[in-house]
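These notes are about the structure you will find just below.
Number of protein chains: 2
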Amino acid sequence: MRAATLDPPFPCTHCPLRPLPGFIDGSAEERTFIARRKLGQLHVVAGGTILPEGQPAQYMFTLLSGWAFRYKTLSDGRRQIMNVLLPGDLVGLQSHMLDSHRHSVEALTDVSLCTFGRETVWAIYKSHPPLGFALTWLAAHEERLVDDAILSVGRRSAVERIAALMVHIFKRAEAAGLKQGDAIPFPLTQEHVADALGLSIVHTNRTIQHLRRAGLIRLADGTLSIGDLRALRRVALYWEQPAEPRPLF
Amino acid sequence: MRAATLDPPFPCTHCPLRPLPGFIDGSAEERTFIARRKLGQLHVVAGGTILPEGQPAQYMFTLLSGWAFRYKTLSDGRRQIMNVLLPGDLVGLQSHMLDSHRHSVEALTDVSLCTFGRETVWAIYKSHPPLGFALTWLAAHEERLVDDAILSVGRRSAVERIAALMVHIFKRAEAAGLKQGDAIPFPLTQEHVADALGLSIVHTNRTIQHLRRAGLIRLADGTLSIGDLRALRRVALYWEQPAEPRPLF
DNA sequence: GATCTTCATTAACCTGTGATAGGTCTGCAC
DNA sequence: GTGCAGACCTATCACAGGTTAATGAAGATC
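Note that the protein sequences, when read in sequence, are chains A and B.
Heads up: the first sequence runs through residues 0 to 248, numbered per numbering that gives the first Met the number 0.
Heads up: the second sequence runs through residues 0 to 248, numbered per numbering that gives the first Met the number 0.
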């Protein structure tokens, strides 16, 4: 079994994410409100399950550090990854609004999550309209990510899909402050990539090789770097705009 | 060019959707708030564009009658339909929250839409927290639909995809009060189906034939009926729950 | 009623991707 | 050390689904 521990609240005043340029600061009052509502930090080991499909929603989380992913499975085990989650992403908002989780969330690396109780969501709307707006913003933003993903899976070829995924993850990791030099950590195995793109593992491997040989990506030891971003974008037919600064809970 | 006309407000007191079992009534006060905010009705002819990708968001709509769909295209014209829109669905919430439309919306049949101005969204959060909550609910619900769609496109075979789409649309049309006898209108062409499922038109046709011959669906003259829903579900590996009653704007 | 368009359909052929089966390398438990 | 497991990589073969092209039916349009 996977370890999952709930630590006492880490002070939001020292939040490592909020200072990043990708996030909106919010008013001091809003920040204290959020800080007060935070129940603590949940730690989940790489490979552990954060939310299990089918269960009623109990908590909502903000991913504080580490990587995770959201997925669904068919009854015979085929898996589709809908989205990769990076620090600052909300986990479980969708399930929170509706009845129960219709997807699972799994930790890709060791992960820590700021935890909020079920009642917090409603409190937000009642006492802090701008934060309620921000929640909807995040929901809309997440839908946009899935929109982009389905375009890839439905209409891009294998090479285009891999290229688009690499560009997409690279930009997002950069925005989350994870870029070091010209590289980002890339904790996904090829199986994850395959399951995110609707490909088989073998073909995913072939296609990654192809992009490597073409000099378009460097991917080794859990690290990704892109030599010529513009060229990779061209291969991917990928021209999505970078996200604007986003709210943080 | 396609005709698009804005009619004077149709009285919300006679809303044909709200009495349906699929929708939540809301308080009288909320209903008047919405009614007051409504600018009028937009009519768009079948095939017309409701929202164009790339443009800044101006209005938000509720689909009052008719069918529409949300899609994105790649630069070379390949199209992916993300979602089919039925009466009661919100159009343009995602674009409204973020900067501009990152997808287009096109009318599948003649369509009429209740129109709201940009400022309404913010007013909702400020003065009617429960409605703000409802907006997020709808955003989360829409994301869930795309989640289901990407599972199909990524991991289901062609037969499974078609079967799942038929079941899905059938249930939704039923909830929107469109079922007559054991049939629903089905205004999608095979090209729409193909673009929703990431298939070619030709293969879509082959596969529909297959399901017809197996006696699982009847689809002709823009009308769909399903003989044995349970059997079709089994083919599709589709076991999504019906949606709970939903808010209406 | 001649001409166009759109949509559905079918056939013939081809290819991108899947399936299967193997291999290597690395890290880790004992 | 030895054994094992997980991730990556390669080769070969098979097929689901794509591509191209042609046909017919049903409405529009003139």
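C-beta atoms are modelled at their ideal positions from N, C-alpha and C, and glycine is treated no differently.
Since the model is a prediction, treat every value here as computed from it, not as a measurement.
Any chain B beta carbon closer than 8 Å to residue i
i                : result
Ala174 (chain A) : no
Ala2 (chain A)   : Caution is warranted here: a pLDDT of 48 is assigned to Ala2 (chain A), below 50, making its placement in the model unreliable, and the coordinate value is therefore given only provisionally. Not closer than 8 Å to any Cβ of chain B, the Cβ of Ala2 (chain A) fails to qualify, so no.
Ala34 (chain A)  : no
Glu105 (chain A) : no
Met59 (chain A)  : no
Arg143 (chain A) : yes
Met81 (chain A)  : yes
His167 (chain A) : no
His140 (chain A) : yes
Contacts that residue i makes with chain B (C-beta to C-beta distance below 8 Å)
i                : result
Pro128 (chain A) : Tyr124, Lys125, Pro128, Gly131
His13 (chain A)  : Result: empty, since nearest Cβ-Cβ is about 29 Å, beyond 8 Å.
Expected contact under 8 Å - CB spacing of residue i and residue j to nearest Å
i                : j                : result
Val166 (chain B) : Leu62 (chain B)  : Actually they are not in contact, since the Cβ atoms of Val166 (chain B) and Leu62 (chain B) sit about 21 Å apart, beyond 8 Å.
Phe60 (chain A)  : Cys113 (chain A) : 6 Å
Ser151 (chain A) : His42 (chain A)  : Actually they are not in contact, since the Cβ atoms of Ser151 (chain A) and His42 (chain A) sit about 32 Å apart, beyond 8 Å.
Leu137 (chain A) : Leu97 (chain A)  : So it is not a contact: roughly 15 Å between Cβ atoms.
His191 (chain A) : Ile80 (chain A)  : 6 Å
Ile168 (chain B) : Val83 (chain B)  : 6 Å
Pro129 (chain B) : Glu29 (chain B)  : 7 Å
Beta carbon proximity, residue i to chain A, threshold 8 Å
i                : result
His42 (chain B)  : no
Ala67 (chain B)  : no
Ser224 (chain B) : no
Ser74 (chain B)  : yes
Thr135 (chain B) : yes
Thr206 (chain B) : no
For residue j and residue i, the rounded distance between their alpha carbons
i                : j                : result
Ala163 (chain B) : Arg35 (chain A)  : 44 Å
Trp66 (chain B)  : Leu177 (chain B) : 11 Å
Lys170 (chain A) : Arg160 (chain A) : 15 Å
Ala106 (chain A) : Ile183 (chain B) : 42 Å
Phe185 (chain A) : Arg212 (chain A) : 19 Å
Thr48 (chain B)  : Gly221 (chain B) : 21 Å
Phe132 (chain A) : Arg101 (chain A) : 24 Å
Ala56 (chain B)  : Glu142 (chain B) : 19 Å
Ala157 (chain B) : Pro86 (chain A)  : 36 Å
Glu173 (chain B) : Leu223 (chain A) : 48 Å
Ser199 (chain B) : Ala193 (chain B) : 6 Å
His202 (chain A) : Gly153 (chain B) : 14 Å
Asp24 (chain A)  : Leu38 (chain A)  : 21 Å
Leu247 (chain A) : Val120 (chain A) : 14 Å
Gln179 (chain A) : Leu16 (chain A)  : 16 Å
Leu210 (chain B) : Phe22 (chain A)  : 50 Å
Ser126 (chain A) : Leu50 (chain A)  : 28 Å
Leu218 (chain B) : Leu134 (chain B) : 35 Å
Val234 (chain A) : Arg77 (chain B)  : 15 Å
Gln93 (chain A)  : Pro244 (chain A) : 21 Å
His140 (chain B) : Arg69 (chain A)  : 16 Å
Ala249 (chain A) : Gly46 (chain B)  : What is shown of chain A runs 0 to 248, which leaves residue 249 (chain A) out entirely.
Arg117 (chain A) : His95 (chain A)  : 7 Å
Thr72 (chain B)  : Ala148 (chain A) : 12 Å
Val104 (chain B) : Tyr58 (chain B)  : 13 Å
Ala2 (chain A)   : Gln40 (chain A)  : Low local confidence applies: a pLDDT of 48 at Ala2 (chain A) is under 50, so the model's placement there is unreliable, and no value is given.
Asp251 (chain A) : Gly197 (chain A) : Past the boundaries of the shown model lies residue 251 (chain A); chain A is included only from 0 to 248, so the question cannot be answered.
Leu19 (chain A)  : Leu144 (chain B) : 32 Å
Contacts of residue i in chain A (Cβ-Cβ under 8 Å)
i                : result
Val152 (chain B) : Ile149, Val152, Gly153, Gly197
Cross-chain neighbours of residue i in chain A, by beta carbon under 9 Å
i                : result
Arg77 (chain B)  : Leu150, Gly153, Arg154, Arg155, Leu236
Lys170 (chain B) : Under the 9 Å cutoff, chain A gives no residues; its nearest Cβ is about 15 Å from Lys170 (chain B).
Proximal chain B residues relative to residue i, where beta-carbon distance stays under 9 Å
i                : result
Glu243 (chain A) : Leu97, Asp98
Proximal residues of chain A, C-beta to C-beta of residue i below 7 Å
i               : result
Lys71 (chain B) : Asp146, Leu150
- [ ] Below 7 Å between beta carbons is the criterion; list the residues of the region 84-104 of chain B that meet it against any residue of chain A, in chain order.
- [x] Result list: Leu92, Gln93, Met96, Leu97, Asp98, Arg101, His102.
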